[in-house]
Structures are given as C-alpha cells and as structure tokens.
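Notes follow the structure.
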Amino acid sequence: MSRQIFLIDGQSFYASVEKAAHPEYRDIPVAVGDPARMNGIVLAACPIAKSRGVTTASRVGEALARCPDLVVIRPRMQTYIGVSLFITQIFESYTDLVEPYSIDEQFLDVTGSVARYGSPYAMAQDIQNQVLLSTGVWSRVGIGPTKILAKMATDNYAKKMPEGIYELSSDTLESTLWKLPVHHMFMVASAMTRHFTRMGLSFIGDIARLDFSEFKRRMRREMGKQSDIQAGYYWQTARGIDPSPVVSGIRHQLKSVSHGKALRWNLYRCLKDIEVVLLELVVEVCQRTRRHHYMGSVVSVAAAETDGQHSSWFSRQTTLPQPTSLTLEVAAAAHKLFLEHWSGLPISNLSVSLSALTDDSVIQLTLFDDRSRAYRKEYVIDGIKERYGSHAIMRASSLLDAGVARERAEQIGGHFR
C-alpha cells in the first residue's frame, strides 16, 4: 500500500514564535538576530520583513538599511526548542511515527491515520489549525508517498501557496516536479548544479528520463568513478524513489562525538591561548561521550590557519592504546596531534572529535593509573553540570581571556538561550 507521508515546516519559525509572544508586532516587520551586533546574521525573518528585502543569513546592519522599521529581537533558543517539542506532541496525537528533521521541520507517516480524517489534505488542514491556535506558528505541509517527495513538495510548492499544502504523487511527477530547474531538487546546491548543467541536464526531468546506466556514465565522465553512489542517489531522488521509513524519535547510533569553535584568528596567535580552547573542546566532547555511555579509541583534531591573507587547513587523527572518555587522556592525544601539525599561523577554527565508539560498561584498568577513580571524578563533575549548568564548574584556564566556555555556557548551538 502506498504510504502517506507529511513533511511539516514551521514558517519563519523563530520569528513566528516571537510574534506570537509579542502581539504588538503583528503588523510590523520582525527579524531574529542580535540587535547589538550589526555584523551578526539574521536567523529568521517574518513574511512582512522578507517582503521588504530582509533575508535570512543577511547581516543585521544590512537588514536595517533595507527595512529601517525592522524590529530585531535577540534569539531565545531554549524557547524555540520548547515550542518545537510541543509541536511534536501535537503531531504525535495524530500518529506515533513522527521523525524530527530539524527544529522547524518534521516527517510524519500518517498512512494509518488518514482514514479517520477523510483525506491527507483534510488531515493536513486539521494539523495546521491546531498548531497555529496552540503556538501561533503557521505550518506548510508537503504530502507524498515517500519522504523525499514530501520534502520537495514542501520546499517547492507548499511554501508558495496561500493554503500551505501541496501533494506530490508518483503519477504526476512529469507534469510537476520534472519541469522544475535542477537546482530545485533536494540536496542540489550551486556546485552540483554546475556539474549537471555541464552534462546538459538543466531540469529535474532531464535526469529522471535517463536510463540509470546512461546517467551514471555521464556522472563518471564529469566527476570520475567515485561518483557512482552520488549517481544512484540523484537518479532516485529525481524519480521520487526513497525507501527509507519515518522513524519515530531521533535515536540513531552514534558514530562519533565532536565539537568545534570558530575563532577570531587575530586573537589566537599564541599556543598558550589556543591550548585553552583545545582543552575546552576536549572537555565538552568527553562529557557528551560519557552522557551517551560510550568511550572512543580514535581522537581527531582539525584546525583552520590564516594570517588574514593565506589560509590552510589540517585534520589528523590518532588511535589510543585503549578506549577512553577521560578528559586528561583525550586532551593529551589532542594536544600532541595539534603540536605535530600546526604551522604556527593564527587559528580561525578548531575542532576535536572522538570516534570508534564502544560501550563504556567495561573499563580497561592500568597498572600505574587509577582509571576507575578518574571516571568516578568525571561523573561527579558531569552530575554537577547537568544539575546546575555547564558554567557551575569549569577548569581555571577557562577564566582566562582566551577561554570561550563561559560564553558558550550561556548559549545553545552558538546562540542565546
């Protein structure tokens, strides 16, 4: 039986949440960003602001220049997460198959629920109304027999229609999706668009109508033999083929734990300053690894170097003698990797990851170090941070000017809580 899948997207999500919280801004252009930083980016803009030239990812100063009466509201990430989770609960009252895709997008498999509402369209309307009345967020709904078609129905059609609902079915693709330029296909950005254009494939239908063997041949000629997997993905996407199910929740197997930080390169010229951030990243990676009850055997360090004119990048990894999530052990390996491969230029980006994860229920003991005691200490520190916040206890080095942990403690995903 054909599945009925929704991809539901919250329109201008952050801005919509703020407008719901501030009724006085109902007819006023609103954007979410840091009003104190003119060089900061706009995270979201309401439809009124967009109609006046304000775009997402533009600079706050540029947005105010285009729209002088724009109200810029500082982001509240914890609030947005709370609203997103509440919307998930609304979706779960319709189906138990709800898969978050991002903070403002979620997949729903409503195959077993449609009969109660008469049609997918009627069900989508019912969901739209309930979310709007409960949160003030207007939703757009893409409907399709696969997740990929539901996603492209939302992005290419539902977002542009007054009713905010559109259904893409397999038997109408030739008259709908295949007529769109190739850059409207999911996961096709500017670089891939150029590749397709050079191959003479300007529209989604140009890819879909080709035999797979011919499409793969063209991909190989353009991008090499390593492009076979990409060829399979794009050919299936153009035809709306996607066997992946909607999986409730986000409980996926972790393959690695990583953490990175973009830095002001002119402030991180000296090793003593870079070491502070490197240790902070290791602390965060190890804490998150322990939270998920894992240990890792491979430590990786990546860094971007620049002097303002020339830039370079390195990424290196090393395998540890035994799996670990102890801060001191991971920090020692990360520090050694960095010193071996750093050229001495200022650092503009730094990241650390721990991979080759295994269960932490069994800890390898050593003759000269009390690893069991070290783990108990780490878990006590983790407990304090979980209860009182990550700023409740931190290393003294984070109090130095080079430290970024205090600032990060007040943020979620790099933005204000």
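According to the numbering used here, the stretch in the sequence shown is residues 994 to 1410, in order.
Cβ atoms here follow ideal geometry from the backbone N, Cα and C, with glycine treated the same way.
Given the structure is predicted, the values throughout are model-derived calculations rather than measurements.
Distance CB(residue i)-CB(residue j) smaller than 8 angstroms
| i | j | result |
| --- | --- | --- |
| Asn1342 | Ala1296 | yes |
| Ile1141 | Gly1198 | no |
| Tyr1114 | Glu1160 | yes |
| Ala1037 | Phe1006 | yes |
| Glu1215 | Arg1283 | no |
| Phe1331 | Leu1393 | no |
| Ser1220 | Arg1210 | no |
| Val1275 | Val1345 | yes |
| Pro1412 | Ser1354 | Residue 1412 lies beyond the range of the chain shown here (994 to 1410); nothing can be said about it. |
| Ala1326 | Val1278 | no |
| Leu1321 | Arg1364 | no |
| Cys1039 | Val1023 | yes |
| Ile998 | Thr1139 | yes |
| Tyr1287 | Thr1190 | no |
Burial state of residue i (16 or more Cβ within 10 Å)
| i | result |
| --- | --- |
| Asp1002 | buried |
| Cys1263 | exposed |
| Ile1340 | buried |
| Thr1312 | exposed |
| Gln1280 | buried |
| Arg1133 | buried |
| Thr1165 | exposed |
| Gln1099 | buried |
| Leu1247 | exposed |
| Asn1149 | buried |
| Ser1237 | exposed |
| Leu1170 | buried |
Euclidean distance between Cα positions of residue i and residue j
| i | j | result |
| --- | --- | --- |
| Arg1069 | Gly1075 | 10 angstroms |
| Val1239 | His1334 | 43 angstroms |
| Met1145 | Trp1131 | 18 angstroms |
| Tyr1018 | Lys1012 | 6 angstroms |
| Gly1129 | Ile1080 | 11 angstroms |
| Ala1255 | Ala1050 | 17 angstroms |
| Val1065 | Ser1206 | 52 angstroms |
| Ser1168 | Arg996 | 21 angstroms |
| His1303 | Leu1338 | 10 angstroms |
| His1384 | Ser1249 | 24 angstroms |
| Val1397 | Arg1257 | 11 angstroms |
| Met1031 | Leu1126 | 34 angstroms |
| Ile1222 | Phe1196 | 20 angstroms |
| Ala1201 | Ser1183 | 19 angstroms |
First and last residue of the uninterrupted alpha helix (DSSP H) at residue i
| i | result |
| --- | --- |
| Glu1277 | Leu1264 to Arg1284 |
| Asp1414 | In the structure as shown, the chain starts at 994 and stops at 1410, and residue 1414 therefore has no counterpart that could be examined. |
| Ile1074 | Met1070 to Glu1085 |
First through last residue of the beta strand (DSSP E) which encompasses residue i
| i | result |
| --- | --- |
| Val1107 | No beta strand (DSSP E) holds Val1107; the alpha helix (DSSP H) holding it covers Val1107 to Tyr1110. |
| Arg1133 | Ser1132 to Gly1137 |
| Met1288 | Tyr1287 to Thr1299 |
| Ser1162 | No beta strand (DSSP E) holds Ser1162; DSSP gives it neither H nor E. |
Unbroken beta strand (DSSP E) runs of length 3 or more, entirely within the segment 1220-1261: which are they? 1249-1255
Those runs of the alpha helix (DSSP H) which lie wholly inside the segment 1315-1373 and span at least 4 residues: 1320-1334
Run through the segment 1001-1054 for me and flag every whole beta strand (DSSP E) of 3 or more residues, listed as ranges in chain order. 1023-1025
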